[in-house]
Structures are given as C-alpha cells and as structure tokens.
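A.B. asks:
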Amino acid sequence: MRDWGYRMVQLTLLAIMSFLIGCTSFLDTEEVDQSKLQREAVLPDPAISEQFCPIVESGQNAAVALPPIEGRGGCGHPAPFLLSTISGPQPVKLSREATVNCVILSQLNRFFNDRVQPLAQSYMDQRVTGIRVAASYSCRSRNNKRGAKLSEHAKTNAIDISGLTLSDGTVLDVEDDWPGYGSKGRFMRAFNREACKYFTTVIGPGGDKYHKNHIHLDHAKHGRKGTWRLCQ
Numbered sequence: 103m104r105d106w107g108y109r110m111v112q113l114t115l116l117a118i119m120s121f122l123i124g125c126t127s128f129l130d131t132e133e134v135d136q137s138k139l140q141r142e143a144v145l146p147d148p149a150i151s152e153q154f155c156p157i158v159e160s161g162q163n164a165a166v167a168l169p170p171i172e173g174r175g176g177c178g179h180p181a182p183f184l185l186s187t188i189s190g191p192q193p194v195k196l197s198r199e200a201t202v203n204c205v206i207l208s209q210l211n212r213f214f215n216d217r218v219q220p221l222a223q224s225y226m227d228q229r230v231t232g233i234r235v236a237a238s239y240s241c242r243s244r245n246n247k248r249g250a251k252l253s254e255h256a257k258t259n260a261i262d263i264s265g266l267t268l269s270d271g272t273v274l275d276v277e278d279d280w281p282g283y284g285s286k287g288r289f290m291r292a293f294n295r296e297a298c299k300y301f302t303t304v305i306g307p308g309g310d311k312y313h314k315n316h317i318h319l320d321h322a323k324h325g326r327k328g329t330w331r332l333c334q
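In terms of this note's numbering, the sequence shown opens at residue 103 and continues consecutively.
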C-alpha cells in the first residue's frame, strides 16, 4: 500500500513537470541569441538622414513631415513625421496618428510588409489591417520614472503597440492574448520575436511590469557599437 502511494506521488510529479515543460515550449520562451539577431538584423536604409527620408519621398507611407520639435531637456527631433497608415499590398491603418522619426516609420513599413503579414496569414489565416497605438512621441523619462534617463519616446524614436486588428474585424489585444496557448497568443509572441530583427529594443509582456499591456519598439543604440539588441 505504501509502495502504491509512493508510485502515485511519482506519477503526479511527473505529470506536473510535463505540463510545465509543455507550457514553456508552447509559450515559445527561449534565450535571446545575440549572434543570431545580429546575423538576421534588418538594418535601416543607410540613405536616411535628418534631411532625407527615402520611404516618404517615394510615397510609400502615408506620413506627413512635421516642423521640428524642440522640447525641454533634450526632447524632440529636427525632422519628425506624422504617420497614419503603413502602405503596402494590405495597408495597415493606425488607430491614431503617431509622431515618429524616419527610422521608426521605415522599419515599421518593412516589418509589417515583410514579416507581420506573412505571420498573420500563417497563424490567423488573414491579414492585419490595423494597429492600436498606445504611445508614440512623448517628452518623458523611461517608464515615466522620476530621475530616469530620457525615453526614446521623447526622441520620436519609439512606438508602443497595444493590439492589432485583422481583416475580419477581430482585435488582438496584447495584454489579453499574449498568455494564450492558441493561435492568438502564438501570433503575438511571434510578432514580438520577429520585431527584434527590425528594432534594437523590443519589450513585451514577457519583459517587465511596465509593458504588460503593450509591445514597445524603438531603435536606440545599445552597447559600445550601438548594435546590441534588447529583446524581451
């Protein structure tokens, strides 16, 4: 009888361990391989400058040039843009206009056309038609913490995405759908993972408490060479 009880405990522990291992695999958790990220990185167009934004000049994005933003304490940018739609075979409309620099709007265009749409087709069997914008330009510190360094949002160098709209009207919510085991959750996590190839900073709900309801994308310079990528 004692042996039977011990055997039942073993089987129960084994089942729990298998479940946890399965969840880990299912949630696509993995260590970030910096060398792989460097190899697969999609770098911004080298022609981009404060005076020239190739993707806007070519008419590929529904973005309008804004006057220079000269904020306090280093906030602002000399050549910001107001982005409303990401152009492509399937245009993607922003829920509200985003004030960003040329690098961010260019990388968004490439990311959505090259990776997000194929991912949406693969996981959801449809296309992305909308982005729920949580934040873009804002003159503030990182995570709104007093005394912290200036946020990339304060330099028009970041955008926060809280959800995506699909072609059938379905809304994917980062906070609600991220933990899921189904296609919505897997798609959101794949979105986060693939964004690391286009942006130097990607932080989602798996990163910290400040990003539980959105995915933060920016193009800050990390490391001595400015090429290291923060992917969470």
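Ideal Cβ positions, reconstructed from N, Cα and C, are used throughout, including at glycine.
Specify whether the region 158-169 and the region 187-199 touch according to this definition: at least 3 beta carbon pairs, one from each stretch, less than 8 angstroms apart.
C.D. replies: The region 158-169, when compared against the region 187-199, does touch it at the 8 angstroms Cβ threshold.
A.B. asks: In the DSSP assignment, the alpha helix (DSSP H) including Asp-278 goes from what residue to what residue?
C.D. replies: Residues 276-279.
A.B. asks: Is the beta carbon of Gly-178 sitting closer than 8 angstroms to the one on Leu-252?
C.D. replies: Taking 8 angstroms as the Cβ cut-off, Gly-178 and Leu-252 do not qualify as a contacting pair.
A.B. asks: Go through the region 128-173 residue by residue and report every complete run of the alpha helix (DSSP H) that reaches 4 residues or more, in order.
C.D. replies: Correct list: 136-142 and 156-159.
A.B. asks: Do you know whose CA, among Pro-170, Ile-263 and Arg-217, lies nearest Glu-199's CA?
C.D. replies: Minimum Cα distance to Glu-199 is reached at Ile-263.
A.B. asks: Please name the residue, chosen from Leu-207, Ser-151 and Tyr-283, that lies closest to Val-336 on a Cα-to-Cα basis.
C.D. replies: For the chain, the structure presents residues 103 to 334; residue 336 sits outside this window and is missing.
A.B. asks: Of the choices Leu-145, Gly-173, Asp-147 and Ser-137, whose alpha-carbon is the least far from that of Ala-256?
C.D. replies: For Ala-256, the nearest C-alpha among the options comes from Gly-173.
A.B. asks: Determine the burial state of Arg-291: buried for a count of at least 16 other Cβ atoms within 10 Å of its Cβ, exposed for fewer.
C.D. replies: Under this definition Arg-291 is a buried residue.
A.B. asks: So, is Thr-126 buried or exposed, given that buried needs 16 or more other C-beta atoms within 10 angstroms?
C.D. replies: Any answer about Thr-126 is weak, because its pLDDT of 35 lies below 50 and its placement is not dependable; what the coordinates show is given next. Label assigned to Thr-126: exposed.
A.B. asks: If we define contact as Cβ-Cβ less than 8 angstroms, is Val-166 a contact residue for chain C?
C.D. replies: Of the chains in the structure shown, none is chain C; there is only one protein chain.
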